[in-house]
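Asks: Please find one structure pasted underneath; my questions will follow.
There are 2 protein chains.
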Amino acid sequence: MPTTEILWQLFLVFLGAKLAGELALRLRLPAVVGELVVGIALGPHALALVGVPGPDLLGYAGSAKHAGELLHGVFDILGQLGVIILLFVVGLEMRVEDIAAVGPRALVVAVGGLSVSFVLVFAFGQAFGLGSLTSVFLATALVATSAGIAARVLGDLGQLQTNAARLILGAAVIDDILGLVAVGVVGGIASGRGISALAIVTLAAETSAFVLFVALVGRRIIRAYSVHLDRLRLPNATFAAALALCLGLAALAGMVGLAAIVGAFLAGMVVAETREHVDLDRQIRPLYDLLVPIFFVISGTRTDLTMLGNPSLLMLVGGVTALAMLGKLIGCGLGAIGVTVRDRLVVGVGMMPRGEVALIVAGIGQSVGAISESLFAVIVVASIATTIVAPPALKWLLTSGSFGAKLTDETHRRDPRNDDLTLVD
Amino acid sequence: MPTTEILWQLFLVFLGAKLAGELALRLRLPAVVGELVVGIALGPHALALVGVPGPDLLGYAGSAKHAGELLHGVFDILGQLGVIILLFVVGLEMRVEDIAAVGPRALVVAVGGLSVSFVLVFAFGQAFGLGSLTSVFLATALVATSAGIAARVLGDLGQLQTNAARLILGAAVIDDILGLVAVGVVGGIASGRGISALAIVTLAAETSAFVLFVALVGRRIIRAYSVHLDRLRLPNATFAAALALCLGLAALAGMVGLAAIVGAFLAGMVVAETREHVDLDRQIRPLYDLLVPIFFVISGTRTDLTMLGNPSLLMLVGGVTALAMLGKLIGCGLGAIGVTVRDRLVVGVGMMPRGEVALIVAGIGQSVGAISESLFAVIVVASIATTIVAPPALKWLLTSGSFGAKLTDETHRRDPRNDDLTLVD
């Protein structure tokens, strides 16, 4: 096994992620945009420094196809570990009481954004002649706001304490959960159960049952047993137990036909209930720093931008991006009850950024042949575009008038410490 | 790519490592012994829960051979990352002044142990009819004391401050460096340069030159530029830079024909010079906790103990283990100048444990066909045996008489904080 070649590519991925992340932050963009762009640049469709087997690997594997699969497999698992850690951290930051606090108003915003966005993108896909299955994957990929990117954008603008920000974050959190259900559903479709109404209802029920079971039963078990971890001689036993739970639930979710990230997210949410939460936040950070950027860079390497030279695809990407933005603007804007018109706009724009869910669904779609290489590029470009547009648009909305006033009398329920550990930085 | 199967095996590896580590610590053995044993139990030659492709992977890969190679490749890279992090941490704990402090006496102990151990095991291999190349790999694998295990054993016995302990740790540190040179040499042999005296001298010179260049020039560059890391907007930029250096030097070492761990070790040693050292120790720990046990468990899974049912192999493993112990006892004992006879015995026994170097050399040897599957098992068993024997033997020597008195007037140069972050726990 020629590990040197793979190590070198891993080094390029990691170094590229960090340099591009730094550059993005200096341009006041989320680091994740830099990571995706550097992935596109390093990948087989551009510089070909990453994701292309070198002579040693070709010699070892015997054939180009086999060598490519080996390289793909190794990066796939590392990226999967990254996205598992990402969703574990999302879960760690999320508490049942947080969601209860923003309440039904945030739920209306989330469901409004999800449904309008889904309907618009799905209809556009159908009108474009993409076929039902492909249109479902495309629309599902762009259904969920990235809570991590939304929190980061609001935090960068110093607006985490505003009324609109609380609504956005609450809705984004609910979005993440509904997005996971959607991933569960497309995961089930991918495993060959088809897209009949019955199959979708069954899968949604299964996912919800898994989520509820772990959240309710698992929480009690963890609460009862986590106090005994101190008795172990193993150093950092609590961290080891949390990580084992994360890997175990991720694998279990995969085994019952859901996406692995559903399990990782639940593991994070369950572990967040223990008193060791703060320490875990700190300990998970280095794993996050190493593995999460790998997921985004690798997603970038699988993106072939040259395809956008094709006028038809360029039209597709323009339409999909516009409708993905419009879907959130209309759905979330209409769903934001009892706020000013400008607040409705702020909520709609704040809910625009797509992120990890889009890339995960795109990956699942690609693995079953429902998402072609060119559609993968469309989804990545739409994710980048929605993430790039939100910060300046929000800034303009928030600073050009009286709306920027902060609600200092109400303390935001999110712990500022958690905001420091933003999901995508 | 059926990631669920691989995730599940990874979960078993991680959970097994932690449970076995806990059990080993309760039996007053180093955790690494538990990790190797649990690997043997989980692996294809016993329970077959890890390292055997399941139905999904077989379906994806098309053939059993291809599926096995994919699984092997993924675990290989994760184990490689583990051993890279391990050697990075060894480097982080090592300072030029530490080695200078114990000075020439420790060098004599190290060289004595290395040479007698090599000659005895090599001669036994030849007498056993193993052939020159195989005998070189076998002897090289068992040449180096594991500084991590030695430090752990002495720490567990509360003897880190004694005169003999200082000599052992100093010698083990030098052993690690000379062991890396040996790994560089066998790595070069593995890449087809043969084992002529000229080739060995060239490789040793190359390794030394690489080590000296990075240690001297790299150190200056790091010292000059590390202060600028604070200016970056990236969170945890120092940690990211240290990790990038670790991956980069590991890949570079591989590219110039040395073992990747040589680069990782140097990266750690160079980074240890910066003022952020303490914080890095803390941040690298979670990566260590996740990845290092994977290396030892995976090494265990590749070990087929049933082969020891063969009387000839049982004789080989008995002879190799006895000579590996005797080599250190004689070589280090004779090399320990100016101490009592009992001190000589303590130093000899303390230098017995083998660890990561043995498994790395065995892996390189296996990849070039010089180490058969049965010899791999012999090396793993010898490593486990030397590591199991040392603690009780040392305890008996140290507590059964006047020698147990501690030298409280001399403070040991090693920072106790570092001993907390032991290499193999």
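The listed protein sequences derive, respectively, from chains A and B. Residue 389 in the numbering used here sits at position 389 of the first sequence; the count goes up by one each step and never skips. To convert, count from 1 in the second sequence and add 1000; that's the numbering used here. All residues carry an ideal CB built from backbone N, CA and C; glycine is no exception.
Pick helix, strand or coil for Thr207 of chain A, following the three-state DSSP scheme.
Replies: Note: Thr207 of chain A maps to helix in three-state DSSP.
Asks: Out of B:Gly1338, B:Val1320, B:Gly1113, which has the shortest C-alpha to C-alpha gap to Ile1174 of chain B?
Replies: Here the closest residue by C-alpha is B:Gly1113.
Asks: My assumption, with CB atoms under 8 Å, is that Leu1047 of chain B sits in contact with Glu1005 of chain B. Please give the rounded CB distance.
Replies: Their Cβ separation, rounded to whole angstroms, is 16 Å, which puts Leu1047 of chain B and Glu1005 of chain B out of contact at 8 Å.
Asks: Nearest CA to the CA of Thr207 of chain A: which residue from A:Cys332, A:Gly318, A:Leu258?
Replies: A:Leu258
Asks: Pop quiz: Gly1034 of chain B and Ala1024 of chain B are said to be a contact at Cβ under 8 Å. What is the actual Cβ separation, rounded to whole angstroms?
Replies: The pair is a contact, with the Cβ atoms about 3 Å apart (cut-off 8 Å).
Asks: 8 Å is my cut-off, CB to CB: does Thr1340 of chain B come that close to chain A?
Replies: no
Asks: Checking 8 Å against the spacing of the C-beta atoms, do Ala172 of chain A and Thr145 of chain A come in under that value?
Replies: yes
Asks: Any contact between the stretch 296–313 of chain A and the stretch 261–274 of chain A? By contact I mean 3 or more CB pairs, one from each, below 8 Å.
Replies: Contact between the stretch 296–313 of chain A and the stretch 261–274 of chain A is absent, because fewer than three Cβ pairs lie under 8 Å.
Asks: For His45 of chain A, would you say it is in contact with chain B, using Cβ-to-Cβ distances shorter than 8 Å as the test?
Replies: No, no contact with chain B.
Asks: Is the stretch 1356–1373 of chain B touching the stretch 1327–1339 of chain B, taking contact as three or more C-beta pairs under 8 Å?
Replies: Too few Cβ pairs lie closer than 8 Å, so no.
Asks: Roughly how many angstroms separate the alpha carbons of Val1111 of chain B and Gly1331 of chain B, rounded to a whole number?
Replies: Cα to Cα, the separation comes out at about 8 Å.
Asks: Taking the Cβ atom as the reference point for each residue, do Ala1377 of chain B and Asp1304 of chain B lie within a distance shorter than 8 Å?
Replies: Result yes, Cβ atoms of Ala1377 of chain B and Asp1304 of chain B sit closer than 8 Å.
Asks: Along chain A, which residues have their Cβ under 7 Å away from the Cβ of Ile1006 of chain B?
Replies: Simply Ile77.
Asks: What does Ile1284 of chain B touch in chain A if you count any residue whose Cβ is under 9 Å from its own?
Replies: What Ile1284 of chain B touches in chain A: Pro286.
Asks: Enumerated in chain order, which unbroken segments of the beta strand (DSSP E) with a length of 3 residues or greater are wholly contained in the stretch 342–414 of chain A?
Replies: Here no run is fully enclosed.
Asks: Give every residue of the same chain whose Cβ lies closer than 6 Å to the Cβ of Ala147 of chain A, excluding the five residues on either side of it in the sequence, and list them in chain order.
Replies: Ala172, Val173, Asp176
Asks: Select from B:Ser1383, B:Glu1069, B:Ser1312 the residue whose C-alpha is nearest the C-alpha of Val1361 of chain B.
Replies: Ranking B:Ser1383, B:Glu1069, B:Ser1312 by Cα distance to Val1361 of chain B puts B:Ser1383 first.
Asks: Since Ser1312 of chain B is in the alpha helix (DSSP H), which residue starts that stretch and which ends it?
Replies: 1311–1335
Asks: Relative to the C-alpha of Ser367 of chain A, which candidate in A:Val108, A:Ala127, A:Phe137, A:Trp8 has its C-alpha closest?
Replies: A:Phe137
Asks: Express the C-alpha separation of Arg1342 of chain B and Phe1403 of chain B in angstroms, rounding to a whole number.
Replies: The predicted position of Phe1403 of chain B is uncertain, since its pLDDT is 46 and thus under 50; a value taken from the coordinates is nonetheless stated next. Using only the alpha carbons, I get a separation of about 8 Å.
Asks: Determine whether the Cβ of Asn236 of chain A lies closer than 8 Å to any Cβ atom of chain B.
Replies: yes
Asks: Using 8 Å as the threshold, is the C-beta distance between Val1317 of chain B and Val1381 of chain B below it?
Replies: yes
Asks: Note down, in chain order, every chain B residue with its Cβ under 8 Å from the Cβ of Gly350 of chain A.
Replies: The contacting residues do not exist; Gly350 of chain A stays about 22 Å from chain B at best.
Asks: Rounded to whole angstroms, what's the CA-CA distance from Gly187 of chain A to Thr202 of chain A? Just pull it up for me.
Replies: 13 Å
Asks: Taking the straight line between their C-alpha atoms, what separation do you get for Leu1308 of chain B and Phe1239 of chain B?
Replies: For Leu1308 of chain B and Phe1239 of chain B, the distance between alpha carbons rounds to 45 Å.
Asks: Please say whether Gly1043 of chain B and Pro1293 of chain B have beta carbons closer to each other than 8 Å?
Replies: no
Asks: Assign Glu1093 of chain B to one of three DSSP states: helix, strand, or coil.
Replies: coil
Asks: Run through chain A and tell me which residues come within less than 8 Å of Ala1244 of chain B, C-beta to C-beta.
Replies: Phe11, Phe14, Leu15, Lys18
Asks: Quick one: what's got a C-beta closer than 7 Å to Leu287 of chain A's C-beta in the same chain, skipping five residues either side?
Replies: Ile85
Asks: Please confirm whether Arg26 of chain A has its beta-carbon closer than 8 Å to some beta-carbon of chain B.
Replies: Yes - at least one Cβ of chain B is within 8 Å of the one on Arg26 of chain A.
Asks: Thinking Leu323 of chain A and Phe124 of chain A are a contact (beta carbons under 8 Å), I'd like their distance in whole angstroms, please.
Replies: 5 Å
Asks: Between the stretch 1290–1310 of chain B and chain A, which residues of the former have CB atoms less than 8 Å from a CB of the latter, in chain order?
Replies: For the stretch 1290–1310 of chain B, which is checked against every Cβ of chain A, the residues closer than 8 Å are Leu1290.
Asks: Between the alpha carbons of Gly73 of chain A and Tyr60 of chain A, how many angstroms are there, rounded?
Replies: 15 Å
Asks: Can you confirm whether His66 of chain A, when its beta carbon is compared against all beta carbons of chain B, has any partner nearer than 8 Å?
Replies: Closer than 8 Å: yes.
Asks: Compare the Cα-Cα distances from Phe1014 of chain B to each of B:Ile1168, B:Leu1291, B:Thr1399, B:Ala1385 and report the closest residue.
Replies: B:Leu1291
Asks: Are the CB atoms of Leu397 of chain A and Leu345 of chain A nearer to each other than 8 Å?
Replies: yes
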